[in-house]
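Chains as they are written, first to last, in this note's numbering: chain A, 1 to 114; chain B, 1001 to 1112.
The structure appears below as structure tokens.
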């Protein structure tokens, strides 16, 4: 059972480039989310989804787009990368939407924008 | 806005010592979770507490949820090098459906 799989593990972009961070889960979880982790800031929620076709903004959504066409996949798109988006990105999923439900995290994508 | 404040930010202790990590907020949470994160990996859930005053034990780790559900603590007894990691608390509110708030974390280093 793979759990939550994120690709790539590392990525370097130039300012203005676009890219998609991939996230897939094989646990049939309803809820999926994207967080970014910066030193001293903890994990901050970017976007989340409560099911296929349904997405909503989190705390820091600007500069990022998401879509959820299937239960399994929840890609995060950076349309025009900026140095401020240098961070470690985590995808997470859970069986239900309630906030006391266990979150399963991927192993992260370390992104550097030059 | 950081709703959950963790203290201390960094803790370095010797094997066998005890330690306590705190998670405080001015907001009431319907539940609070503790995660541990190791370098290069995502956080892994340790425990969820949902009732004010609740105490949960996980081997040498003791978790407490404040009576008012605004704060929590994690106590480790006789720490071991395997306890080294970043400890994160995360709170969920009744009006924050789907939006779990994380603290900045406490980095714990246990040396042999």
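We put the beta carbon where it would ideally sit given N, CA and C, even for glycine.
- In terms of beta-carbon proximity, residue 27 of chain A stays away from the interface with chain B, with every pair separated by 8 Å or more.
- Between the stretch 1049-1063 of chain B and the stretch 1103-1112 of chain B there are fewer than three C-beta pairs closer than 8 Å, too few to call the two in contact.
- Taking the Cα of residue 1048 of chain B as reference, the smallest distance to any Cα among B/1099, B/1006, B/1103 and B/1089 is reached at B/1089.
- Listed in chain order, the non-local C-beta contacts of residue 1077 of chain B below 6 Å within the same chain comprise 1018 and 1060, local neighbours out to five positions each way being set aside.
- At a cut-off of 8 Å between beta carbons, residue 32 of chain A makes no contact with chain B.
- Chain B has no Cβ within less than 8 Å of the Cβ of residue 53 of chain A.
- Non-local beta-carbon contacts of residue 1053 of chain B in its own chain, meaning distances under 6 Å to residues more than five positions away in sequence, involve 1067 in chain order.
- For residue 1085 of chain B, the three-state secondary structure derived from DSSP is strand.
- Secondary structure at residue 84 of chain A: helix, using DSSP grouped into helix, strand and coil.
- In this structure residue 1071 of chain B is buried. Its beta-carbon is surrounded by 16 or more other beta-carbon atoms within 10 angstroms.
- In the assembly as shown, residue 95 of chain A is an exposed residue. Its beta-carbon has fewer than 16 other beta-carbons within 10 Å.
- Among the residues of chain B, none has a CB under 9 Å from the CB of residue 63 of chain A; the nearest is roughly 19 Å distant.
- Counting C-beta pairs with one atom in each stretch, the stretch 1002-1015 of chain B and the stretch 15-34 of chain A have fewer than three that are closer than 8 Å, which means they do not touch.
- Residue 1050 of chain B sits in coil when the DSSP states are folded into three classes, being neither helix nor strand.
- Within 9 Å of the CB of residue 102 of chain A, the CB atoms of chain B belong to 1033, 1045 and 1048, in sequence order along the chain.
- Between the alpha carbons of residue 79 of chain A and residue 43 of chain A lies a gap of roughly 21 Å.
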